[in-house]
Amino acid sequence: MNNKTLLFKSDKIGEGDLGNIVSVGFIGALLQVPEKLLPKKIVLLNRGVLLSTENTELDNKDIIANLKKLQDLGVEILSCRTCLEHFGLIEKVLVGKISNAVAVLEDLLGNDGVISL
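Going by my numbering, 43 is the number at position 41 of the sequence shown; the sequence numbering is gapless.
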């Protein structure tokens, strides 16, 4: 596993229905890459926290299942506390940990690279 972070700022990669499909596809595809290429962390900000939570905004069953598999492989999944509170989802996190701005910034500034999706 390398020391990179995937940053999801939205529940979609791109726009509309296609953006939802692409998000599901990318997260699922991570399970097909060699383990040594997996990111160390996946950080979920803004609407990205919808990917790790039980919510009425999107059907994320497949994403939750894949994030759990990635977590089992050692990828740390972090959801922004402020974002969760904004959406009323602080008690609805299904995978990963709740994080804060300081921890996220320390990770983003101290790793080998950030890939923003």
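Think of the CB as a built atom: it goes at the ideal place given N, C-alpha and C, for glycine as much as any other residue.
Values in this document were obtained by computation on a predicted structure and should not be read as measured data.
Backbone secondary structure at Leu75 - three-state DSSP: On the sequence shown, residue 75 is found 73 positions in, with the first residue counted as 1. DSSP places Leu75 in coil when its eight states are reduced to three.
_In this structure, how does DSSP classify Ser81 when only helix, strand and coil are distinguished?_
As a first step, residue 81 is located in the sequence shown; it is residue number 79 there, counting from the start. Strand, per DSSP.
If Val51 sits next to Leu96, beta carbons under 8 Å apart, how far is it from one beta carbon to the other, in whole angstroms? Walking along the sequence shown from the start, residue 51 turns up at place 49. Walking along the sequence shown from the start, residue 96 turns up at place 94. Between Val51 and Leu96 a beta carbon distance of about 11 Å is seen, past the 8 Å cut, so the two are scored as non-contacting.
Q) Per DSSP, Ile117 is paired with what? A) The residue labelled residue 117 in the question sits at position 115 within the sequence shown. Leu8.
message = Relative to the C-alpha of Ala119, which candidate in Asn5, Leu111, Thr58 and Ser12 has its C-alpha closest?
response = Here residue 119 is taken as the residue at index 117 of the sequence shown, counted from 1. As written in the sequence, residue 119 is Leu, which differs from the Ala given in the question. Closest by alpha carbon: Ser12.
Inset, instruction - Keeping to the same chain, check which residues put their C-beta closer than 7 Å to that of Leu39; ignore five residues upstream and five downstream. - result: What you label residue 39 is simply residue 37 of the sequence shown in a count that begins at 1. Around Leu39: Asn4.
Distance, Cα to Cα, Glu108 vs Thr7? Sequence index remark: in the sequence shown, residue 108 carries index 106 (1-based). Sequence index remark: in the sequence shown, residue 7 carries index 5 (1-based). Roughly 12 Å separates the two Cα atoms.
Buried or exposed: which applies to Lys63, given that a residue is buried once 16 or more other Cβ atoms fall within 10 Å of its Cβ? Taking the sequence shown and counting its residues from 1, one reaches residue 63 at position 61. Per the 10 Å Cβ criterion, exposed.
message: Taking the alpha helix (DSSP H) that Ser25 belongs to, which residues open and close that run?
response: Your numbering for residue 25 matches position 23 in the sequence shown. Counting along the chain, the alpha helix (DSSP H) containing Ser25 begins and ends at Gly18 to Ala31.
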